[in-house]
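Take a look at the structure set out below.
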Amino acid sequence: MSYWRSTTVKWDSLCPRSSLWQRFGREPSDDWAGYGVGRQVHAAIEAKLRCLPVEAPSSLTVVELRDYVELVENAETMGLLDLDHQSVELTLRSPLDGEERHWLTLKPSEGTHYSITPDAFRVEDNVAYVDDWKTQQGLNADASLDDNVQAVTYGAAVAELTGVERVVFTFWNLRFKVGQQIDKPAGWFIAKAEKLWAAMVERDKVPVADIEADFRPGEHCGRCPFRTDCLSELVDDALAGTETDDRELYRRWHALRELASMAKRDVTARVRARTSVLELEDGTQLGTQRIPTRAWSRKNADVAVRGHLWQAIAARALTEGADFSEVFEPKRPKSGGLMTWLASLPEGARDIADKNLNHGDRQTLIKLPKEK
Ligand code: SF4
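All the letters of the sequence shown, read from the start, carry residue numbers 3 to 374 under our numbering.
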């Protein structure tokens with residue numbers, strides 16, 4: 003049994019494997035914390051509309067809690083809670099307890115279902131008003147909402163359910179305190195949604211194994227509910243090195259790359275939070291440190307001035323026994339940059355060079371042995 007919803011339609015373009023697993027109810031291996039504030043804000047609005055007590059969520063951090071309070075206040079100042087709650091029908095999959103108790107499920111065909119969970123809707127004068135609260139940072143790029151899957155399908159489902167003539171669907175963005183709205187005859191929503199539902203039925207006819215084999219790793223893996231299961235499987239396969247299909251190999255490389263950047267993000271976050279530097283066996287140091295830097299000063303940009311300066315450095319270096327070819331070209335030291343070149347100079351020549359350099363420092367999280 004396949005259960006589509008607006009998010010699984012989106013995921014079908016991002017990564018068909020993830021969408022398939024979501025539709026068929028596979029147990030998620032990960033829960034992305036980025037949705038935490040949004041879930042709690044939805045729960046608070048639902049509770050307020052139902053005239054139930056609202057409790058401050060204990061799972062949020064201080065900063066998240068501040069955002070949560072602000073977003074709920076915004077909902078109030080936007081007048082979203084002034085609706086006559088008696089006329090508001092909530093068919094929400096309750097964020098309070100996660101129970102899927104009031105899903106409105108359409109069956110475009112046997113085996114294919116489409117679930118909608120409008121945050122609220124009410125009917126007045128043969129018009130259905132469908133409202134959805136949004137807590138994300140961005141607005142829909144297509145302000146007309148003409149092709150917005152959620153707006154179209156929710157509008158159509160509510161129109162079919164209530165038999166109204168018109169539907170007004172609104173995304174209320176609680177961060178920006180604006181609404182994006184589409185107001186059309188019910189038939190318009192139904193005609194648009196039927197095309198989408200027909201496409202979902204067709205999609206469900208594709209053999210499961212074929213869709214499962216179509217995975218598209220990318221930055222969205224970080225939000226994917228199956229990332230641990232999926233990426234570890236891909237890594238195992240990649241390490242086994244038995245893949246002969248070039249397309250598969252290419253995808254596995256992308257999965258590994260994504261895994262590497264996730265690991266890098268984790269390391270960076272962990273190292274940044276360290277209160278002491280950790281030194282590894284090879285001399286690498288993990289932890290926030292400031293490293294001194296040198297750069298040629300602007301006043302030495304003039305070719306003639308620079309020429310005199312090089313001559314002075316080289317002359318002094320030669321008197322100190324340096325190899326001319328090693329020291330004369332400061333712009334192209336053999337390796338390691340300006341600091342390495344500086345360190346390779348004899349003491350007197352280094353003093354001359356150092357006096358003519360700008361001194362600064364930069365922050366580093368990972369200091370490699372060669373940088374010491
Ligand atoms: S982890 Fe990435 S590649 Fe795997 S299913 Fe999720 S989105 Fe697709």
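C-beta: ideal position from N, C-alpha, C; glycine also.
Rounding to the nearest angstrom, what Cα-Cα distance links S263 and F191 in this structure?
S263 and F191: Cα-Cα distance of roughly 41 angstroms.
If we ignore side chains and look at the alpha-carbon of each, how far apart do R276 and Q287 end up?
Near 12 angstroms, if we compare the C-alpha coordinates of Q287 and R276.
Can you give me the start and stop residues for the alpha helix (DSSP H) that R253 sits inside?
From DSSP, the alpha helix (DSSP H) with R253 extends over 248–275.
Is the separation between the beta-carbon of A355 and that of L344 shorter than 7 angstroms?
Yes, they are a contact pair.
What's the gap between the Cα of D268 and the Cα of V151?
Approximately 34 angstroms between the Cα atoms of the pair.
Quick check: what's the CA-CA separation for E72 versus A215?
When rounded, the distance between both Cα atoms is 43 angstroms.
By Cβ distance below 7 angstroms, which residues in the same chain neighbour S4 in space, the five residues on each side in sequence not counted?
Around S4: R25, F26, G113, T114, H115, D206.
Here's the rule I'm using: 16 or more other beta-carbon atoms within 10 Å means buried, otherwise exposed. How should D133 be labelled?
The residue is buried, with at least 16 neighbouring Cβ atoms inside 10 Å.
So, with DSSP's three-state summary, where would you put K194?
Correct three-state label for K194: helix.
Considering only the alpha carbon of each residue, which of E235, T295, A161, L311 lies closest to S31?
Nearest C-alpha to S31: E235.
Measuring straight from C-alpha to C-alpha, what distance separates T79 and Q42?
Taking the straight line joining both Cα atoms gives about 18 angstroms.
Tell me the DSSP secondary structure of D325 in three-state form.
D325 falls in the coil class under three-state DSSP.
Within the continuous alpha helix (DSSP H) that includes H44, where are the two ends?
Taken as a continuous stretch (DSSP letters only), the alpha helix (DSSP H) holding H44 covers 38–51.
Tell me whether R352 counts as near the ligand SF4, meaning its Cβ is closer than 6 angstroms to at least one heavy atom of that ligand.
Not under cutoff, so the answer is no.
I'd like to confirm something about S234: is its beta-carbon nearer than 6 angstroms to some heavy atom of the ligand SF4, or not?
It does not: the Cβ of S234 is nowhere closer than 6 angstroms to a heavy atom of the ligand SF4.
For R28, count neighbouring C-beta atoms within 10 Å of its own C-beta (all shown protein chains included) and say buried if the count is 16 or more, exposed if not.
It counts as exposed.
Beta carbon of L176, beta carbon of W135: below 7 angstroms?
Their beta carbons are under 7 angstroms apart, which means L176 touches W135 by this criterion.
Which of the three DSSP states, helix, strand or coil, is assigned to R28?
Correct three-state label for R28: coil.
Does the ligand SF4 have a heavy atom nearer than 6 angstroms to the CB of S20?
Yes, the beta carbon of S20 sits closer than 6 angstroms to at least one heavy atom of the ligand SF4.
Run the proximity test for P371: is its beta-carbon closer than 6 angstroms to any non-hydrogen atom belonging to the ligand SF4?
No, the Cβ of P371 stays beyond 6 angstroms of every heavy atom of the ligand SF4.
In this structure, how does DSSP classify T114 when only helix, strand and coil are distinguished?
T114 falls in the strand class under three-state DSSP.
Within 10 angstroms of its Cβ, does S20 collect 16 or more other Cβ (buried), or is it exposed?
Buried: at least 16 other Cβ atoms inside 10 Å.
With respect to 6 angstroms, is the separation between the Cβ of F217 and the closest non-hydrogen atom of the ligand SF4 below this value?
Yes, Cβ of F217 sits closer than 6 angstroms to a heavy atom of the ligand SF4.
Could you have a look at V170 and say whether DSSP puts it in helix, strand or coil?
V170 falls in the strand class under three-state DSSP.
Please classify R259 as buried or exposed, where buried requires at least 16 neighbouring CB atoms within 10 angstroms.
Flag for R259 reads exposed.
Is it the case that the CB of F26 approaches a heavy atom of the ligand SF4 more closely than 6 angstroms?
Incorrect: F26 has no Cβ contact closer than 6 angstroms to the ligand SF4.
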